[in-house]
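Residue numbers (this note's numbering), protein chains in the order written: chain F, 13 to 351; chain Z, 194 to 721.
Heads up: the structure comes next, in C-alpha cells.
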Amino acid sequence: MKTLAKKDVTRLLKTWTKEYSVLAPARKSSGDCIFEPFQEGSFTLDYGKPSLPPKAVFLPHSDVIFKVEKNEFREVVSAKKTILFGIRSCDMMGIRQSTSFMTRDQKDIYYNEKRIQAITVVMACPGPQNETCFCTTTRSGPVAEKGFDLLFYDMGDTLMIETGSRRGEGLLSSDLFTDMDDALAREKIQIFKEKAAGDIPKVDAVMGAMNKLEDGTADEKVWEYFGNKCIMCGGCAYVCPTCTCFNVYDQESSPGSGLRARAWDTCLFGGFTREASGHNPRSTQASRLKRRHEHKLLYYNRTDIQEALCGCVGCGRCSDYCPVKIGALEVAKAINNER
Amino acid sequence: MTNSINEFDDADLFFITGSNTTAQHPLIGSRIINAKERGAQIILLDPREIPLARFADLHMRQHIGSDVAVLNGMMNIIIEEGLYDKAFVEKRTEGFDQLKAVVSRYTPRVVEKISGIAAHDIEKAARLYAGADKAMLVYAMGITQHTTGTDNVKSCANLSMLTGHIGRPSTGVNPLRGQNNVQGACDMGALPNVYSGYQPVIDATVKKKFEEAWKRENLDDKPGLTITDMMTAAQNGAVRAIYIMGENPLMSDPDTSHIEHALSSLDFLVVQDIFLTETASRADVVLPAASFAEKEGTYTNTERRVQLSRQAIPPPGSARPDWEIICDVSRLAGYPMNYESTADIMKEINALTPSYAGITWERLEKGQGIQWPCPNEEHGGTPYLHRDRFSKGMGTFLPCDFKPVAEVPDEEYDFMLTTGRIYYHYHTGTMTRRTSILEREAPAPLIEINPDDAKRLGIRGNDVIELTSRRGSIKARAELTTRVPRKVVFSTFHFHEAPVNVLTNPAHDPVAKIPEYKGCAVKVRRCI
C-alpha cells in the first residue's frame, strides 16, 4: 500500500492541477469549509463535514442543457476532467446512490458525463465530524467500501492510500509516495475503522422509524407538526447528497435565440406537484414533508441505495442547517415517539 | 430595530403586529417558532390568519386601521391594574400623565366596539405583555402603511416604555425592514430632510460640515419632497424631471393612474435599474445597473448591522455599479466625484457620519459586520439601543387618539382591501418573476376572499373576480380562504397582470407621508 507524507499533500494536489480541475476542501474567511478549485492559500485538511455535499459537480445548481441560436438548437453537455479530493464517505455513498438513480435505466447524459469525468478521492472519517453524523446507522461510513478511486486514511503525519480503481492507481505514480507493507497496512486500517465506527453512535430511531413507516403505524400527526413550522425554504433538499430533483426552464435572450437550462428543485415546493388544472395531490406542507422523508426511509429503490440502509446517507446536514429543526434525525425521532 | 436578531432566542414573549414574519422575514420567523417550542409566548395582532397564528397563544384580529385603539386599550388595562413598570416610567420617561389621560378613554368595552376584538382578549394581551420579563414588540408594514402610521408607531413605543420593555436585551420596539438595505439607504440620507446619519439639512452646523467636505457653498437647507409629494408636484408641473433608481413606482405607488399621469407630465425621466421595469419602459433614458452579485459595497440590515458584500460575477452588457453611474452623471453635470472604490466612499461615510464613524472598510473585511451606532474604531458596535438613556434623554410618551382609515367602506364600496406580499415574490416582481421556480410557485395574482362573502356573491374558488375602488379596477382569480376575515379582501402588488395599486388610496400619513396601502374601500364582483 502507498503512503504519502501529510506535508506533501499540497505538492500532490498541485501536480494534479496540471491535468485536472482539482476540487479540494478550503477554509473561507467566514470559517466555513467548502469544496472549491484547489488553491494553496485556502486549502485545508482540517475541514470536518463541509457545509455542502459535492453533488453540484454532477448536478450544478443551474446547468445549460441546450442553446438555441437563430432557431437552430445545439445540445450542451459540459464536463471536464475533475478530481474530487477529500470527500467524506457519506458523500461517496450519496454519489453512488444518485449516479445509480440518474443512469440506471435511462442515462441522464448531462449528469453521467460529469460523473464519468470525475475521479473521487475519499478521506475516511476517524470519528464523527459533528454531533449529527449517523453514517454507522445508514451503513454509509465512516469508511467508504466501494465507489472511490482512492481512499485516504489520516494516520497523523502520514496518509495511507487504498486504491479503488485503475484510474485511481494511475494517480499514484509520482515519487511523492512511499510503499508500506500490506499486512501492516491492513492491520492499521482495521484498528482505524473499528475506532472510527465505535465513536459514531448508532441512532436506533432511524431503524425504528423505518419499521413504523413500513408497517403503517407511524403517527400522522408528526407530519402536521412539522408541516406547521416548515418555512418552505427547500434548504434540506439543497444540502442533501441524494436529492437530485430539478426543474427545466427556458431563457430567451432575443427572438429565436436563448437557452434551456435545468435548476435544482425540491418536492417541498407546492408547484413541484401542482397539476395544470390547479389541483395539487400534495396540497399541504405536511404531505410534502411526509413524501420527502418517506422517499428516504420507505420508498427508496433497492438498486439505487447500493449497500446502504436507505435513501438517506446519514450526513446529518439537514439537521445541521434547517432553521426550524426539521432534519432527518428530528423526523426519525418524532416518528419513533422520541420527541 | 432597537434590538438584535440574536436576542429573539432569549425573549419570553413576542408581541407581533402587522408582520407576516414567516413569509416576509422567514429566518426571524423561524427564531420565533423555535422560541415558542422552548416555552416563549406569542401575542399576535393581525387581521389575517397568517401562519404564525398557529403558534400564537392569543391571536387578536382587529378591524383594519384600529391599531391605535387596541394599543391604547392594552395600556388602559396595564395602568388600571398597576401592571406598568413604575421605576422605569419614573426614571426614564416623561409625559405619563398625558398618556394616562388619553388611554383612560380606551376601556376594553370601547376598544371592543372600535376594533372588533373581544374585551377579555385585550385584557389578556395586556396582562401577558406587561407580565413578561423580556418582551419583544415586533412590527412591519402593517403598522406603518396607514394614514395613522406615525401614530401607530408612537403607540408601540408608548406601550414598550410603559412596561419597561426597552433598553434591555431581548426587548424593544423592533420594526422588521422589508428590504435588505432600506435601513442603509435611510442611514445614508436617501431622505428629503437629512444628510447621512439623520443629520438635519436645516441645522447650520451640519450644513457647514458638508459644505466644507464637499467643497460647495450654499447647500440647500430646506427639506426636499417625499415621493408622495414629488408625484403631485410632477402632475402640477412644479417638478419637471425625475431620476429614479431601483424603484418601480408604476407598480409600487398607490393610485397608479395618478402616477402614470405624473410621470407622463414630466419633461424628462431617467430610470436606473437592473431590468426594464414597467417604470423604466416609460423613461427617456435607462441606465443599466449591476445587480447585488455584480458589485461590491455594504448593506445595513434590519438590526442596523453594516455588512460587506463582495462582487461574485461581472455585470452583463453595459451594466455598471450604481455608484459608478452616479459619479459619471455628476462629473458630466459639472461636479467631479473622484472616488476610486467603494472603500473610498466608506472613508467619507466614516468621516461625516458619527454613527458610522467606527465602521471602516478594514474592520468590515475582517468580521461579520458591525451594528451602528459605532462612534470610533475601538467601539464594538451596539446590539441594542437606549440602554441607560434615550438618545434625547428622557423618553416622552406621545399619546394618540384613534382615527379611522381615510376611506372607510360604505354601502357601495363595501369591502376593505388590504395589500401585502407573499412568500415567493418580492415587491413588483422585477427580480422574482424572472426566477423560474418562484414564478412556478406563484405564477398568477390571487385575491383572498372569505368563503362566507364568496358564497353570498356567488363566487367559487378560482373564479375571476373584479375589484373596483374609486380609482380603478383589477381582475384576478379568487382564493377562498378564512385567512381573511369577512368583508376584507387581500391581494399583492407583485403582478402587472393585476396591479393592486391601481386600487389603493394615495391618502397618506401627515408626518411620514407613507400611503395607506393597508386599507381602502373596494367593491367585489364575479366576472362572467
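The C-beta atom is built at its ideal place from N, Cα and C for all residues, glycine as well.
Here the structure is a predicted model, which means the values were calculated and not measured.
From the DSSP output, which residues share a beta bridge with Z/P447? Per DSSP, Z/P447 has no beta-bridge partner at all.
Which bits of chain F does Z/P219 rub up against, with CB to CB less than 7 Å? The answer, in chain order, is I243 and C245.
Buried versus exposed call for Z/M587 [16 or more other C-beta atoms within 10 Å across all chains shown]: So Z/M587 ends up on the exposed side.
Just confirm the distance between the C-beta atoms of Z/Y277 and Z/L330, as a whole number of angstroms; I'd bet it's less than 8 Å. The pair is not a contact, with the Cβ atoms about 15 Å apart (cut-off 8 Å).
Between Z/N643 and Z/H256, what straight-line distance do the alpha-carbon atoms span, to the nearest angstrom? The straight-line gap from Cα to Cα measures roughly 15 Å.
Mind pulling the chain Z residues with CB within less than 8 Å of F/V336? In chain order: S223, I226 and N227.
Return no unless some Cβ of chain Z is closer than 8 Å to the Cβ of F/Y261. Under the Cβ distance rule, F/Y261 counts among the residues neighbouring chain Z, one pair being separated by less than 8 Å.
Residue range of the unbroken alpha helix (DSSP H) whose run includes F/L341: Residues A340 to I347.
Any C-beta of chain F sitting closer than 8 Å to the C-beta of Z/I235? At a cut-off of 8 Å, the C-beta of Z/I235 has no neighbouring C-beta in chain F.
Does Z/Y577 come within less than 8 Å of chain F when only Cβ atoms are used? The Cβ of Z/Y577 sits no closer than 8 Å to any Cβ of chain F.
Strictly by DSSP, which residues pair up with F/D75? As DSSP reads the structure, F/D75 sits in a beta bridge with F/R274.
Kindly indicate the opening and closing residues of the alpha helix (DSSP H) around Z/V404. For the record, residue 404 of chain Z in the displayed sequence is Glu; it is not Val. For Z/E404, the enclosing alpha helix (DSSP H) begins and ends at A397 to W407.
Chain Z contacts made by the segment 266 to 280 of chain F, where a contact means CB separation under 7 Å: Close to chain Z, meaning a Cβ-Cβ distance shorter than 7 Å, are the following residues of the segment 266 to 280 of chain F: A275 and D277.
Using alpha carbons as the reference points, say which of F/K205, F/I201, F/M172 and F/K200 lies closest to F/D191. Per the Cα distances, F/M172.
Should F/N83 be flagged as near chain Z, meaning a C-beta pair shorter than 8 Å? No, F/N83 does not count as interfacial toward chain Z.
Near F/A217, which residues of its chain fall below 8 Å by C-beta distance, leaving aside the five closest residues on each side in sequence? These residues qualify, in order along the chain: L341, A344, K345, I347, N348 and E350.
Return the chain-ordered list of same chain residues with a C-beta closer than 8 Å to the C-beta of F/N142, the five sequence neighbours on each side being excluded. Excluding the 5 residues flanking it on each side, F/N142 has same chain C-beta neighbours closer than 8 Å at G60, K61, G328 and D332, in chain order.
For the alpha helix (DSSP H) that contains F/C45, what are its first and last residues? It is not in any alpha helix (DSSP H) - F/C45 instead sits in the beta strand (DSSP E) that spans C45 to P49.
For F/R300, is the classification buried or exposed, using 16 other Cβ atoms within 10 angstroms of its Cβ as the cut-off for buried? F/R300 should be labelled buried.
F/C255 to F/A36, Cα distance in whole Å? The alpha-carbon atoms of F/C255 and F/A36 are separated by roughly 22 Å.
With DSSP as the reference, please indicate the residues paired to Z/Q500 in a beta bridge. Paired residue(s): Z/Y492.
Could you check whether Z/T553 and Z/M444 sit closer than 8 Å to each other, using their CB atoms as the reference points? At the C-beta level, Z/M444 and Z/T553 stay beyond 8 Å of one another.
Could you spell out where the alpha helix (DSSP H) holding Z/T215 opens and where it closes? That run of the alpha helix (DSSP H) goes T214 to Q217.
If F/S152 sits next to F/V325, beta carbons under 8 Å apart, how far is it from one beta carbon to the other, in whole angstroms? In this structure, F/S152 and F/V325 form a Cβ contact; the two beta carbons are roughly 4 Å apart against a cut-off of 8 Å.
Given this structure, state the Cα-to-Cα distance separating F/F160 from F/H305, to the nearest angstrom. Distance between the alpha carbons of F/F160 and F/H305: 27 Å.
C-beta contact flag for Z/Q217 and Z/K711 at 8 Å: The beta carbons of Z/Q217 and Z/K711 sit no closer together than 8 Å.
Just to confirm before moving on: does the CB-CB distance between F/W235 and F/K308 stay below 8 Å? No, the pair does not count as a contact, with Cβ atoms beyond the cut-off.
Where do the ends of the alpha helix (DSSP H) carrying F/I131 lie? Run containing F/I131: none in the alpha helix (DSSP H); it sits in the beta strand (DSSP E), A130 to M135.
Tell me, please, whether the segment 225 to 245 of chain Z touches the segment 201 to 214 of chain Z by the rule of three or more beta-carbon pairs shorter than 8 Å. Contact holds: three or more Cβ-Cβ distances are below 8 Å.
From Z/S523 to Z/P703, what does the alpha carbon distance come to, in whole angstroms? Just so you know, the alpha carbons of Z/S523 and Z/P703 end up roughly 33 Å apart.
For Z/T623, I'd like the list of residues in its chain whose CB is within less than 8 Å of its CB, leaving aside the five on either flank, ordered along the chain. Here the set comprises N441, D466, I467, F468 and T470.
Coarse secondary structure for Z/L269, derived from DSSP in three states: For the sequence presented, residue 269 of chain Z should be read as Asn rather than Leu. Correct three-state label for Z/N269: helix.
Does the beta-carbon distance from Z/Y332 to Z/P385 come in below 8 Å? Z/Y332 places its beta carbon 8 Å or farther from that of Z/P385.
Closest to F/Q318 by C-alpha separation, out of F/M105, F/T149 and F/M167, would be which residue? Of the candidates F/M105, F/T149 and F/M167, the one whose C-alpha sits nearest the C-alpha of F/Q318 is F/M105.
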